[in-house]
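**Q** Structure incoming, see below.
Number of protein chains: 2
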Amino acid sequence: MREIFKQEMEQLGEELLTMARLMCSAIEKATQSLETADLTLAEEVIDADSHIDEIERSLDERGVSLLARQQPVATDLRIVVSALRLSATMERMGDLARHLAYVARGRYPEVASTGRMQQILQQMGQQAVKVARQVVELLETRDLNLAEKIEADDDVLDRLHRESFQVVLDDDEQLTRQQLVDAVLLGRYLERFGDHGVSVARRISFLVTGDLQNAVVNTGTMLGLKDEETGGKQTTRQ
Amino acid sequence: MREIFKQEMEQLGEELLTMARLMCSAIEKATQSLETADLTLAEEVIDADSHIDEIERSLDERGVSLLARQQPVATDLRIVVSALRLSATMERMGDLARHLAYVARGRYPEVASTGRMQQILQQMGQQAVKVARQVVELLETRDLNLAEKIEADDDVLDRLHRESFQVVLDDDEQLTRQQLVDAVLLGRYLERFGDHGVSVARRISFLVTGDLQNAVVNTGTMLGLKDEETGGKQTTRQ
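Going line by line, the protein sequences match chains A and B. Using UniProt numbering, read the first sequence as starting at 1 and increasing by one per residue. Using UniProt numbering, read the second sequence as starting at 1 and increasing by one per residue.
Now the structure itself:
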């Protein structure tokens with residue numbers, strides 16, 4: 001029984017890895033499509049998202065079926081439940097990459113941003129890609145140092161996000177209304193992507209170590225603190 | 001065994017209801033704090049959010065413990081898993097209400113928006129409150145007609161969100177940079193709140209009817225279609 005459970009858990013792990021790779025490819029292409037106004041790449045991201053959604057459904061089925069047949073208890077049970085949440089979060093990361101691609105497609109043949117804002121958004125995009133690649137590597141290698149690196153990279157992402165607000169709120173920055181709207185939305189999507197990456201890293205740490213206390217920090221609370229930093233409050237009053 | 005399971009499911013249902021009521025109160029106060037620049041109300045929403053987070057953790061514990069002890073299979077198992085997701089989504093709705101409150105607090109003693117944008121955001125807020133109240137009522141009464149009403153109200157929310165883009169993109173609209181940023185973020189928060197409301201309504205429908213096919217539509221895909229309408233693409237090029 002235990003052996004079968006272990007095999008099934010490995011299959012679940014394989015499917016999570018496939019999902020992570022697709023999610024990583026989505027954010028790589030989406031950020032590049034934004035940088036270079038590449039319509040083909042943007043369309044690829046948009047089209048490929050349904051594949052990520054399919055895997056999420058398959059993972060769901062597999063997880064619930066595993067619960068029904070193997071009836072794991074204690075830590076094993078928590079691991080399966082955690083894997084299901086991991087999958088939901090990665091699906092959401094794929095969605096956010098698709099949102100970036102929508103903006104790239106909507107502005108084609110122009111790029112969505114220029115000047116200082118373009119620089120910041122490109123850096124944010126690079127951080128998001130870094131987070132995604134490390135999530136894949138974390139699943140592949142189970143090297144828990146990567147989880148810490150993901151948190152550090154997300155901190156950089158948050159700092160860049162705050163910088164982006166300084167630019168949009170600066171009247172001296174020449175920005176069209178569309179560029180302003182895009183900057184706010186793109187910044188938000190990328191910041192959320194990083195937050196989800198951190199949440200995923202913590203869950204994977206739990207899957208590896210079984211250390212619930214350390215890994216399953218309440219995501220809402222964790223994200224909440226960050227949202228306060230970036231959302232409405234710290235953007236300066238005019 | 002079945003009787004105990006039923007009782008435990010009822011307790012889970014009670015906790016979901018408590019959570020829904022807190023989430024509803026949060027959006028009511030948050031939208032009012034935005035309308036009237038009421039700092040006290042905004043602070044109340046921000047402080048109360050940790051309570052919603054606590055209930056989510058408690059529900060998680062209860063759900064996982066129920067899975068471990070009762071080892072439900074088939075539909076019962078899916079119901080428990082679905083309840084856990086419902087709880088995660090309502091926690092997120094609480095977070096979004098808190099984001100609104102952050103903006104209200106950040107702009108105090110001013111209101112965040114004026115003129116046409118204020119009207120649209122107020123209407124969006126009213127729709128969000130309507131969605132939340134109906135979610136509570138749906139949990140209380142299990143009247144599935146409410147699920148349809150929630151979807152219709154979310155459609156109105158999406159329409160208003162598109163209107164909000166027309167305003168921010170209209171150079172003739174006198175808006176400060178801060179008002180532009182706030183309008184984009186508030187619109188996004190409220191639109192997401194509605195989407196989550198629809199997702200919750202579908203899951204509750206499933207909890208009531210056991211009709212998986214109808215209720216557990218992939219949330220990501222569902223939301224994705226909406227995001228395309230509102231995110232980057234349909235906002236007119238400049």
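Note that CB positions come from ideal geometry on N, CA and C, so glycine has one too. Here the structure is a predicted model, which is why all the values come from computation and not from measurement.
If you reduce the DSSP assignment to three classes, tell me which class glutamine 178 of chain B lands in.
**A** In the second sequence, residue 178 of chain B corresponds to position 178, counting from 1. In the structure shown, glutamine 178 of chain B sits in a helix (DSSP, three-state: H, G or I).
**Q** What's the call for glycine 115 of chain B, buried or exposed, on a 16-neighbour Cβ count within 10 Å?
**A** Taking the second sequence and counting its residues from 1, the one referred to as residue 115 of chain B is at position 115. By the 10 Å Cβ count, glycine 115 of chain B comes out exposed.
**Q** Whose C-beta lies closer than 8 Å to the C-beta of leucine 77 of chain A among residues of the same chain, with five residues either side of it excluded?
**A** Mapped onto the first sequence, residue 77 of chain A falls at position 77. Around leucine 77 of chain A: Leu67.
**Q** For residue 272 of chain B, which option in B/Lys6, B/Phe5, B/Gln126, B/Ala20 has the closest C-alpha, if you only look at C-alpha atoms?
**A** This structure gives no information on residue 272 of chain B, because the portion of chain B shown stretches from 1 to 238.
**Q** Since valine 129 of chain A is in the alpha helix (DSSP H), which residue starts that stretch and which ends it?
**A** By 1-based counting over the first sequence, the position of residue 129 of chain A is 129. It spans 115-141 - the alpha helix (DSSP H) in which valine 129 of chain A sits, taken as one unbroken run.
**Q** Please name the residue in B/Leu185, B/Glu54, B/Thr40 whose C-alpha comes closest to that of valine 168 of chain B.
**A** Within the second sequence, the letter at position 168 stands for residue 168 of chain B. Cα-wise, what sits closest to valine 168 of chain B is B/Leu185.
**Q** Applying the criterion that 16 or more other CB atoms from any shown protein chain within 10 Å of the CB defines a buried residue, is glutamine 7 of chain A buried or exposed?
**A** On the first sequence, residue 7 of chain A is found 7 positions in, with the first residue counted as 1. Exposed, since its Cβ has fewer than 16 Cβ neighbours within 10 Å.
**Q** Please report the straight-line C-alpha distance between alanine 201 of chain A and glutamine 174 of chain B, rounded to a whole angstrom.
**A** For the purposes of this step, residue 201 of chain A is taken as the residue at position 201 of the first sequence. For the purposes of this step, residue 174 of chain B is taken as the residue at position 174 of the second sequence. When rounded, the distance between both Cα atoms is 44 Å.
**Q** Name, please, each residue of chain A whose Cβ falls closer than 9 Å to the Cβ of valine 111 of chain B.
**A** Walking along the second sequence from the start, residue 111 of chain B turns up at place 111. The contacting residues do not exist; valine 111 of chain B stays about 12 Å from chain A at best.
**Q** Does the Cβ of glutamate 91 of chain A have 16 or more other Cβ atoms within 10 Å, making it buried, or fewer, making it exposed?
**A** As a first step, residue 91 of chain A is located in the first sequence; it is residue number 91 there, counting from the start. Buried.
**Q** So what's valine 168 of chain A in DSSP terms, helix, strand or just coil?
**A** Here residue 168 of chain A corresponds to residue number 168 of the first sequence, with the count starting at 1. Three-state result, valine 168 of chain A: helix.
**Q** Distance cutoff 7 Å, beta carbons only. Does glutamine 70 of chain B sit that close to anything in chain A?
**A** Mapped onto the second sequence, residue 70 of chain B falls at position 70. By this cut-off, glutamine 70 of chain B is not an interface position.
**Q** Looking at chain B, which residues of the stretch 174-204 of chain A have a Cβ within less than 7 Å of any of its Cβ atoms?
**A** So the list reads Thr176, Arg177, Gln178, Leu180, Val181, Asp182, Val184, Leu185, Arg188, given in the order they occur along the chain.
**Q** Buried or exposed, going by whether 16 or more other CB atoms sit within 10 Å of the CB of glutamine 11 of chain B?
**A** Here residue 11 of chain B refers to the residue found at position 11 when the second sequence is read from its first residue. Flag for glutamine 11 of chain B reads exposed.
**Q** Verify whether the separation of the beta carbon atoms of leucine 34 of chain B and alanine 104 of chain B is less than 7 Å.
**A** For the purposes of this step, residue 34 of chain B is identified with residue 34 of the second sequence, where counting begins at 1. For the purposes of this step, residue 104 of chain B is identified with residue 104 of the second sequence, where counting begins at 1. Contact: yes.
**Q** Give me the Cβ distance between isoleucine 52 of chain A and glycine 94 of chain A, rounded to the nearest whole Å; I'm assuming they're in contact under 8 Å.
**A** Counted from its first residue, the first sequence places residue 52 of chain A at position 52. Counted from its first residue, the first sequence places residue 94 of chain A at position 94. Yes, isoleucine 52 of chain A and glycine 94 of chain A are in contact; Cβ-Cβ is about 4 Å, under 8 Å.
**Q** Is the shortest distance between the beta-carbon of valine 80 of chain B and the beta-carbons of chain A less than 7 Å?
**A** If you number the second sequence from 1, residue 80 of chain B lands on position 80. No, valine 80 of chain B does not count as interfacial toward chain A.
**Q** Run through DSSP, which three-state label would tyrosine 102 of chain A get?
**A** The residue you call residue 102 of chain A lines up with position 102 of the first sequence. Of the three classes helix, strand and coil, the one that applies to tyrosine 102 of chain A here is helix, per DSSP.
**Q** Please list the partners that alanine 83 of chain A has in chain B, where partner means a Cβ-to-Cβ separation under 8 Å.
**A** The residue you call residue 83 of chain A lines up with position 83 of the first sequence. The contacting residues do not exist; alanine 83 of chain A stays about 12 Å from chain B at best.
**Q** Note the first and the last residue of the continuous alpha helix (DSSP H) segment covering glutamate 3 of chain B.
**A** The residue you call residue 3 of chain B lines up with position 3 of the second sequence. Per DSSP, glutamate 3 of chain B belongs to the alpha helix (DSSP H) from 2-36.
**Q** How many angstroms separate the CA atom of aspartate 154 of chain A from the CA atom of threonine 89 of chain A?
**A** Translated into positions along the first sequence, residue 154 of chain A becomes position 154. Translated into positions along the first sequence, residue 89 of chain A becomes position 89. If you take the alpha carbons of aspartate 154 of chain A and threonine 89 of chain A, they lie about 16 Å apart.
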